[in-house]
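Worksheet: one structure, shown below.
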Amino acid sequence: MTNQKAVSQSSIRLGTHGENYGTWMSHPVFYMMGGFALAALILAILSFTVFHITALGIVFTIALIVLIVFIGWMEWIRRQYAFGGGGMMEKGHETMLSLLDYDGNGTLLEVGCGSGPLSIRAALTWSQTKVIGIDYWGAMWDYSKQLCESNAASEGVASRCTFQKGDANKLDFADETFDAVISNYVYHNIMGSDKQELLLESLRVLKKGGVFALNDCMKPKMYGDMEAFAQKLRDMGYQEVKLVNMSELVFGSESRANMMMLGNSRMLVGRK
């Protein structure tokens, strides 16, 4: 089968038909921080007017100011990632797929599809590819299987995109099922997991000769020595394995990636 010519990433514009892709910063985080700010305000007022404890009032006032600044920072981040806003999420997706050496023939898996934008972009990039997106769709996020399916239908790729509930710790697929596997900022959210084991589980379902692009905040305290892990994959027979500094490519610098809460952004790419 001949390689399928991929559609240029710059020509794909998601979210132009009324789709809802949400944003990286979940709404419950805002609700929680807003609740803390309201509590600090009430306690500051009570400290000054009822308890007449000035020092305590000052402490709660400082806490309120810090929380307001933090909420403002999170709102800035939210807008930077939003489709139709700063577009940083979309830029990351474009960069990922442009670095995936995929011939466009076969089946592609996205681990942690959220609201579906990366899976849908992959389907738009390779018109012969069947895409499967899995996610746990936890309570912290306003995402769901129904939302993914609605977005895929609106973008015109519903016939080639399937979404299902799944667990990245143990994928419900046989060994060597997929021709390509991708993931974007998912594994660091899975509490109590060995991150390198998560990567190996995603690679387990990749066919021999298949390609992968697995992107995350690969902080050493969380991931360990990723250069050593990349070498381990090479020793296992994986080819063209490398770690791509996404902080530089997507955010422009490590410091800006840190400012946007995605420092140490690295993408593991290669071929099985």
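Take the sequence shown: its letters are residues 1 to 272, numbered as in the numbering used here.
Think of the CB as a built atom: it goes at the ideal place given N, C-alpha and C, for glycine as much as any other residue.
Residue j beta carbon less than 8 Å from that of residue i
i	j	result
T95	M246	yes
G22	Y143	yes
L203	V186	no
Q196	Y223	yes
Q164	D103	no
L243	N184	no
L302	V269	The structure shown does not extend to residue 302, since the chain is modelled only from 1 to 272, so the question has no answer here.
G133	D179	no
F40	L56	Position check: residue 40 holds Ala in this sequence, whereas Phe was assumed. No, the pair does not count as a contact, with Cβ atoms beyond the cut-off.
D135	G166	yes
M355	I71	This structure cannot settle anything about residue 355, because the visible part of the chain is limited to 1 through 272.
I68	M25	no
G334	V250	No statement about residue 334 is possible, as the shown extent of the chain runs from 1 to 272 and does not include it.
Run of the alpha helix (DSSP H) containing residue i, from where it starts to where it stops
i	result
Q196	195-204
G57	54-81
K232	226-235
Q146	145-155
R254	Note that residue 254 is Glu in the sequence shown, not Arg. Element bounds for E254: 254-259.
A37	27-49
A122	117-125
H93	88-98
N- and C-terminal bounds of the beta strand (DSSP E) containing residue i
i	result
Q164	161-165
G133	130-135
I190	No beta strand (DSSP E) holds I190; DSSP gives it neither H nor E.
R13	Note, R13: premise wrong, no beta strand (DSSP E); not H, not E.
M267	265-271
K242	239-245
E110	107-111
S8	Premise fails: S8 is in no beta strand (DSSP E) and is neither H nor E.
K184	It is Asn, not Lys, that sits at residue 184 in the sequence shown. Unbroken beta strand (DSSP E) run through N184: 178-184.
Straight-line Cα distance separating residue j from residue i
i	j	result
S47	E75	29 Å
K208	P220	29 Å
T107	V157	14 Å
N264	L199	16 Å
V162	V131	Per the sequence shown, residue 162 should be read as Thr rather than Val. C-alpha separation (whole angstroms): 6 Å.
E110	D175	16 Å
W73	M236	43 Å
I190	V50	45 Å
S11	R121	11 Å
F83	N20	9 Å
T177	V241	20 Å
M88	E248	13 Å
W137	T54	45 Å
L214	H27	26 Å
M1	N105	With a pLDDT of 48 at M1, under the threshold of 50, the modelled position of that residue is not reliable, and the figure given next carries that caveat. Cα to Cα, M1 sits roughly 8 Å from N105.
S8	M260	27 Å
C113	T129	16 Å
E90	I45	43 Å
F172	T61	Checking the displayed sequence, the identity of residue 172 turns out to be Asp instead of Phe. One C-alpha to the other measures close to 50 Å.
R271	F30	40 Å
A152	V59	49 Å
A230	S255	24 Å
E201	M218	17 Å
L147	W141	12 Å
Classification of residue i by the beta-carbon crowding that lies within 10 angstroms, buried from 16 upward
i	result
H52	exposed
S159	exposed
R13	exposed
K170	exposed
S115	buried
H17	exposed
M267	buried
Q80	buried
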